[in-house]
Structures are given as structure tokens and as C-alpha cells.
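Take 0 as the starting number for the sequence shown in numbering that gives the first Met the number 0 and just add one per residue. Cβ coordinates follow ideal geometry from the N, Cα and C atoms, glycine included.
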Amino acid sequence: MRINRTVFGIGLCIYLASFFLIAASGPGPATDPGSRGYSWAWWALVIPWQEIGLWGQTPLLLPAVAVVGLINPIFLIAVVMLVVHYRRCFAVLRIIVLSMFPFCWIPFLFGIHPRQGYALWIIGMVVTLFSNRREQPSASSLLFKPTVAN
């Protein structure tokens, strides 16, 4: 498994930059400027477990936010597995991270609006998770491959 370092670096930079941009805004007044990505990441990681008694009152929101809160730690573990070349572990973690993305959409049903930081967060993770893909040779390059004379 070979990592394209340029793509990996770009993806990781986009991911890190997303934490300093406005990730989401609302619910509330339209003039709400929103909160930065690091605030949302911390909130998603901590609040569901602090407010575990409220899970019955919001049976969809808090469990979804609990899953969303685990995306960043699992993504970072996947990145480490990619760097140290643990292929199978990385492949499993990549599938887990990608399957957790739809849980991010549930808070949008409750009046939260995604912003630039959210989009870059997703883009950064996807680019990083697929930075180990090699360019596949095209069919034409295989057909016209020069032969080596013996």
C-alpha cells in the first residue's frame, strides 16, 4: 500500500483547517454567526455522554451526535494505521468512518445549518482516506505497451 504523500498532506491540511472555520450555525436567530469546528467537535464528543439522561427525550438526536463525536478519534486512528501500513485495520476503519457520515445529517433536521467548515471537514477526511489509491493504468496504455525484445 503506497501513500501518495501530496494527496495525503493536502487532505490532512484541509481536515485540520476545517476546525478553525465556521462549521455550523443555528438553531436560533438568522444573525447567529455559528461556531468553529473545534467547538462542534468537542460538543459532539462530550455532550451526549454528559446528557445521557436526555436520550429518552431526544431519541434520534443525542445518539446520532454520540456517533458523530466518535468520527474524529476513529479517523485519526485510521490515519495512523495508514501511515504505519496496517492495511486491513485501515480498510476497516475507513469503512467505519465513511459509514458514520450520515449521522452528521441528523442534527440538520433539528435546525442546525452546515457551513464551510463542515464541507471542508468531510472533504479533508475523504481525500486523506483515499490518498493510498494508485492511479490505474488506462486501457489504451495497456494496449500499446512497448514490448521488450529478448
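Subject >> Start-end ranges of the beta strand (DSSP E) lying completely within the stretch 48–77, minimum 3 residues >> reply: none
Original post:
Based on the DSSP secondary-structure assignment, which residues constitute the bridge partners of P113?
Top reply: A23
Subject >> At least three beta-carbon pairs within less than 8 Å, the stretch 92–110 to the stretch 58–70 >> reply: yes
Subject >> A65 vs P47 beta-carbon contact at 8 Å >> reply: yes
**OP:** Have a look at R86 and F74 and give me their C-alpha separation to the nearest angstrom.
**Re:** Straight-line spacing of the CA atoms in R86 and F74 works out to 15 Å.
Original post:
Quick one, are the C-beta atoms of A16 and L119 less than 8 Å apart?
Top reply: yes
Subject >> Neighbour-count burial assignment, I51, 16 or more Cβ in a 10 Å radius >> reply: exposed
Original post:
In whole angstroms, what is the alpha-carbon distance linking I9 and A43?
Top reply: 25 Å
Original post:
What do you get for R132, buried or exposed, if any count of 16 or more other CB atoms within 10 angstroms of its CB means buried?
Top reply: exposed
Original post:
Which whole-angstrom value describes the C-beta separation of G25 and H112, a residue pair presumed to lie in contact below a C-beta threshold of 8 Å?
Top reply: Yes, they are in contact, since the Cβ atoms of G25 and H112 sit about 5 Å apart, within 8 Å.
Original post:
Cα-Cα, which of C88, L92, G116, Q49 is closest to I70?
Top reply: L92
Original post:
V126 and V6: beta carbons closer than 8 Å?
Top reply: Result yes, Cβ atoms of V126 and V6 sit closer than 8 Å.
Original post:
Exposed or buried, what is S98 when buried is set at 16 or more other beta-carbons lying within 10 Å of its beta-carbon?
Top reply: S98 is exposed by the Cβ-count criterion.
**OP:** Could you check what DSSP says for R132 in three-state terms: helix, strand or coil?
**Re:** Correct three-state label for R132: coil.
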